[in-house]
Amino acid sequence: MGVARVAGHNGRMGILGADGAMLREPTYDHILQFGKEGSARTNQGGWLGKNGSVQGGQWGYLKADGTELVSPKYSYALDFEEGRATVEVKDVGHGILAPDGSTVVEPQYAYLSWHREGRAIVTVGNEDGYLDLDGRMVIEPRFDRAEIFGGGMAKVQVQGRFGLVRADGSWVSEPKWERMGDVRNGMVWAVGDGRVMILSADGGVFGPFEDARTAAWPADGIGHVPVKEGGTWGFLDRQGNRIASGHDNVWPYMNGRARIRDAQGKIGFIDERGQLVIGCHFEDAFNYDGGLAPVKHEGQWGVIDEAGQVRVAFQWDSAVHVKEGRARVEKEGRFGFIDESGKVIRAVTLDAAGHFCQGLAPALMVERVTVPVGAIEGVHQLPPEGLQHDVFDYDPGRHFIMVVGWSRELSITEELLVNRTVDTWERSLRVKPGGDIYTEVRSISHQAMYLRVEDSVADRRIELSTLLSDLRAANVPIQEVLFCAWGTPANSEAMAPVPDARMPPFQVNFPDFPAYWDACWDMSSEVVPASENSYYLKGAIVQMEPEFQVKCLEERHMPIWVPGYRVCFGALANQGEQYVPNDARTAEVQRSVDKHLAERWKDVWLKLNAPRFAPRAFTRDGSDGLEKITYAGRDGYCFAVSCNDLLQWYGKSRMRYREQELMEAMAAVTDEVGLAPVILWNRYSRSIPMMPMSTPNVVVVQLWER
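Residue numbering for the sequence shown is 628 to 1333, as defined by the numbering used here.
Next comes the structure, spelled out in structure tokens:
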């Protein structure tokens, strides 16, 4: 056909000719693949569903030369089959179009399928029948359910039993079967009285068998059905003759040959007579196409011909399918092209590539940025240094998380543009053989995007920077970007945050709270209960033995790093602290706290239509403000904030709270009013009703005078 679907910078789709000329400018939200009859379905206003199919919107048709056959006006449409296309008008019904777009049958039926062997399923009331190509009712609706024709017959259901009907409406087999497979090449399996039988279009009934397969069976004209007898697989022809029995497994025939597997798990090929023509030597294989078959040997892919001779040496990481004398090959996540003799005709340097079709093959090479993304003007980012933060520099055995929040609800077109941008980015990645891009399914919505990238992806800092640059170049409205690195700590099976590269790798126990307090203020100590350590001090005394109480450091979900400050996990609570009357200094500190919380939260991402507000500082009785405290001769200021105010609503539970944001705001407070660079904090556990698990709902913060 010599055309390709392309997406423009506006996120819409058009078509490109083989000479590079634009045959149709990008004006459609979606263009589906061109069908075998020369047209493609178009869509305006639809969206991608969970399975990747287009949902909703209005549908039309486009010719391969760029001419619009039918403008998008139908609520749904099927591809042309046998010169006919089924369309639907919402609240009216289904009808049929001719190849020129004219109407053969006006929309009126509750359901219409595509045509196969000159017949289309039609539903009238609660019963199914069949129309011919001219829309005539050739088999009156009398079935509870009908399916498409194949090999001269179709499966139908009447009162819970299955039968087979011919194109003229006569019975091949009356409805008496309890279960029945899909009809392929005029053959189908059926179960009756607990026995598996094979039925043919000429009325043959063969069996019984232990098992049989016709589902997804290619209609290649051979008509041999895979059947199982005596614990092994073989084939049955249309006359009921057994062919090639005794195999561990078999696959359907295609292009005159079928794959078989022996008891050792190796794969070979047989011909139409069931004769072994290629011995079982291969770990994996695909069907023959054009006299060549991709096969896998000792972990590498190559190509053999019909005589079993190696045409392309075993050296490639993925299957090698020869199309039009050329084949795409892959090595270490890069792609190139070879001819059918195995000669490299395009170096293996491409980020992505497809198969040849009518002399052309799609290929992609991404120009990568060389510096990880840092601070982005106009975008709220955590950490503020972005992917230039030291935590992303070391320990390759971890996962990178990126959460991007949009500054407004994306339109359907913008959401489609984001999905296509990410699709293109994924195709450009270099992934280790056998590895995956994500450890969790990517999540893209009209509100935000969540990606968790595996360590099998090379240069993840560069790759995520490239994706972010691509999104900004596409003018996607970005409000916020969060980055996080996760790994598996030593002696632990659980995923945990990767500690900052600058954190000393120490874990320390303290015999009592005064020892912990002293460590908080020992500025010369290399071992401190602070964010400089990858573990945090547990807030309450842990009863290890009846006579021994110990403080220990606790693994935390989000390592907090505020350079120059000792952010210590463990606040005063019933340790002999005294609450004293507030004074002018307390009011000064409170004004600074309110100011910097508001400043820090003014640009954070919010759920759509959620009111914007900063975390509220409150006292023990719930009143707004701070309380002054004293302990061990030092004055301080204590307040709490609601964990609900700290929620990062789109990220997973491991990224639940904006504690890093809170501590950076407190560091700004200590600078502004001249407090000590020591911040004590803790979380107190009471469940939050809207969260799916019992979680803390109060964070207590204590700031101190020098």
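Cβ atoms here follow ideal geometry from the backbone N, Cα and C, with glycine treated the same way.
Quick check on DSSP: helix, strand or coil for Met764?
Against the sequence shown, residue 764 aligns to sequence position 137. Of the three classes helix, strand and coil, the one that applies to Met764 here is strand, per DSSP.
Helix, strand or coil, according to DSSP, for Tyr880 in the structure here?
Along the sequence shown, read from residue 1 onward, the residue named residue 880 stands at position 253. Of the three classes helix, strand and coil, the one that applies to Tyr880 here is coil, per DSSP.
Should Val630 be labelled buried (16 or more other beta-carbon atoms within 10 Å of its own) or exposed?
Position 3 of the sequence shown, counting from 1, holds the residue named residue 630. Answer is buried; the Cβ neighbour count reaches 16.
Taking 7 Å as the limit between beta carbons, can you name the residues of its chain near Ala1267, skipping five residues before and five after?
By 1-based counting over the sequence shown, the position of residue 1267 is 640. Once the five neighbours on either side are set aside, the close Cβ partners of Ala1267 are Phe1245, Val1325, Val1326 and Val1327.
How far does the alpha helix (DSSP H) with Ser1092 in it extend, from its first residue to its last?
Along the sequence shown, read from residue 1 onward, the residue named residue 1092 stands at position 465. Note, Ser1092: alpha helix (DSSP H), Arg1087 to Ala1100.
For a test of the three-state rule: what should DSSP assign to Glu1286, helix, strand or coil?
Here residue 1286 refers to the residue found at position 659 when the sequence shown is read from its first residue. Helix.
Three-state secondary structure (DSSP) at Met1293?
Residue 1293 sits at position 666 when you count from the first residue of the sequence shown. Helix, per DSSP.
Taking the alpha-carbon of Glu1215 as reference, which of Lys700, Gly687, Gly1252 and Ala817 has the nearest alpha-carbon?
Looking up residue 1215 in the sequence shown gives position 588. The residue with the shortest Cα to Cα distance from Glu1215 is Gly1252.
Pull the bridge partners of Leu791 from the DSSP assignment, please.
In the sequence shown, residue 791 corresponds to position 164, counting from 1. Answer is Lys782 and Ser800.
Trp1052, enclosing alpha helix (DSSP H) - first and last residue:
Taking the first residue of the sequence shown as position 1, residue 1052 is located at position 425. Segment Ile1039 to Ser1055, the alpha helix (DSSP H) holding Trp1052.
Measure the C-alpha to C-alpha separation of Phe913 and Thr713 and round it to an integer number of angstroms.
The residue labelled residue 913 in the question sits at position 286 within the sequence shown. The residue labelled residue 713 in the question sits at position 86 within the sequence shown. Their Cα atoms are separated by approximately 34 Å.
Can the beta-carbon of Ile931 be found less than 8 Å from the beta-carbon of Ala920?
Translated into positions along the sequence shown, residue 931 becomes position 304. Translated into positions along the sequence shown, residue 920 becomes position 293. Yes, these two residues count as a Cβ contact at 8 Å.
Compare the C-alpha of Arg1212 against each of Trp686, Asp875 and Glu1332 and name the closest.
Within the sequence shown, numbered from 1, the residue matching residue 1212 stands at position 585. The candidate whose alpha carbon is nearest that of Arg1212 is Glu1332.
Let me know if Ser1228 comes out buried or exposed under the rule of 16 or more other beta-carbons within 10 Å of its beta-carbon.
As a position in the sequence shown, residue 1228 is number 601, starting the count at 1. Residue identity differs from the one stated: residue 1228 is Trp in this sequence, not Ser. Burial call: buried.
Can you check which of these residues, Ala1075, Asp809, Gly684 and Gly1013, is closest to Arg1088 by C-alpha distance?
The sequence position of residue 1088 within the sequence shown is 461, counting from 1. Closest by alpha carbon: Gly1013.
Among Ala839, Phe776 and Gly857, the one whose alpha carbon lies nearest that of Ala828
By one-based count along the sequence shown, residue 828 stands at place 201. Nearest of Ala839, Phe776 and Gly857 to Ala828, Cα basis: Phe776.
Would you identify the three-state DSSP class for Lys855, choosing helix, strand or coil?
Position 228 of the sequence shown holds residue 855. In this structure, Lys855 counts as strand in the three-state DSSP scheme.
Do the CB positions of Val731 and Arg711 come within less than 8 Å of each other?
In the sequence shown, counting from the first residue as 1, residue 731 sits at position 104. In the sequence shown, counting from the first residue as 1, residue 711 sits at position 84. In this structure, Arg711 lies closer than 8 Å to Val731 by Cβ.
For Asn1201, which three-state DSSP category applies?
Residue 1201 sits at position 574 when you count from the first residue of the sequence shown. If DSSP states are grouped into helix, strand and coil, Asn1201 belongs with coil.
Length of the line joining the Cα atoms of Leu1044 and Val1080:
As a first step, residue 1044 must be located in the sequence shown, where it is residue number 417. As a first step, residue 1080 must be located in the sequence shown, where it is residue number 453. Straight-line Cα distance between these residues: approximately 21 Å.
What does the Cβ neighbour count give for Asp944, buried or exposed, with the cut at 16 atoms within 10 Å?
Position 317 of the sequence shown holds residue 944. By the neighbour-count rule (16 or more Cβ atoms within 10 Å), Asp944 is buried.
Stretch-stretch touch, CB-based, cutoff 8 Å, three pairs: the stretch 969-976 with the stretch 999-1017
no
Give the secondary structure of Pro1238 by DSSP, where H, G and I count as helix, E and B as strand, and everything else as coil.
Here residue 1238 is taken as the residue at index 611 of the sequence shown, counted from 1. In the structure shown, Pro1238 sits in coil (DSSP, three-state: anything other than H, G, I, E or B).
Ile748, buried or exposed, once every other Cβ within 10 Å from all chains shown has been counted against 16
Walking along the sequence shown from the start, residue 748 turns up at place 121. Looking at its Cβ environment, which holds 16 or more other Cβ atoms inside 10 Å, Ile748 is buried.
Give the DSSP-derived three-state secondary structure of Tyr1143 in the structure shown.
Position 516 of the sequence shown, counted from the start, is the residue given in the question as residue 1143. Residue state, collapsed to three classes: helix.
Per the DSSP calculation, Thr750 is bridged to which residue(s)?
Against the sequence shown, residue 750 aligns to sequence position 123. Per DSSP, Tyr738 and Asp755.
Where Trp1113 falls: helix, strand or coil (DSSP)
In the sequence shown, residue 1113 corresponds to position 486, counting from 1. Trp1113 falls in the strand class under three-state DSSP.
Suppose contacts are defined by Cβ-Cβ distances below 8 Å. Is Thr654 in contact with Pro699 by that definition?
In the sequence shown, counting from the first residue as 1, residue 654 sits at position 27. In the sequence shown, counting from the first residue as 1, residue 699 sits at position 72. No, the pair does not count as a contact, with Cβ atoms beyond the cut-off.
I'd like to know whether the C-beta atoms of Arg811 and Gly762 end up nearer to each other than 8 Å.
Indexing the sequence shown from 1 puts residue 811 at position 184. Indexing the sequence shown from 1 puts residue 762 at position 135. No.
Contact between the stretch 1061-1079 and the stretch 1188-1200: three or more CB pairs below 8 Å?
no
Pick from Asn868, Leu903 and Leu689: whose alpha carbon is nearest that of Ala885?
The residue labelled residue 885 in the question sits at position 258 within the sequence shown. Residue Leu903 is the option with its Cα nearest to Ala885.
Within the continuous beta strand (DSSP E) that includes Asp820, where are the two ends?
The sequence position of residue 820 within the sequence shown is 193, counting from 1. Neither: Asp820 is in no beta strand (DSSP E) and is coded neither H nor E.
If you compare alpha carbons, which of Gly720, Asp692 and Asp759 is closest to Ala704?
Your numbering for residue 704 matches position 77 in the sequence shown. Ranking the options by Cα distance to Ala704, first place goes to Gly720.
How far does the alpha helix (DSSP H) with Arg1025 in it reach, from first residue to last?
Looking up residue 1025 in the sequence shown gives position 398. Arg1025 -> not in any alpha helix (DSSP H); beta strand (DSSP E) instead, spanning Arg1025 to Trp1033.
Using the Cα positions of Gly683 and Gly672, report the straight-line distance between them to the nearest angstrom.
Indexing the sequence shown from 1 puts residue 683 at position 56. Indexing the sequence shown from 1 puts residue 672 at position 45. Straight-line Cα distance between these residues: approximately 7 Å.
State the beta-bridge partners of Glu664 as determined by DSSP.
As a working note, residue 664 is residue 37 in the sequence shown. Answer is none; Glu664 lacks a bridge partner.
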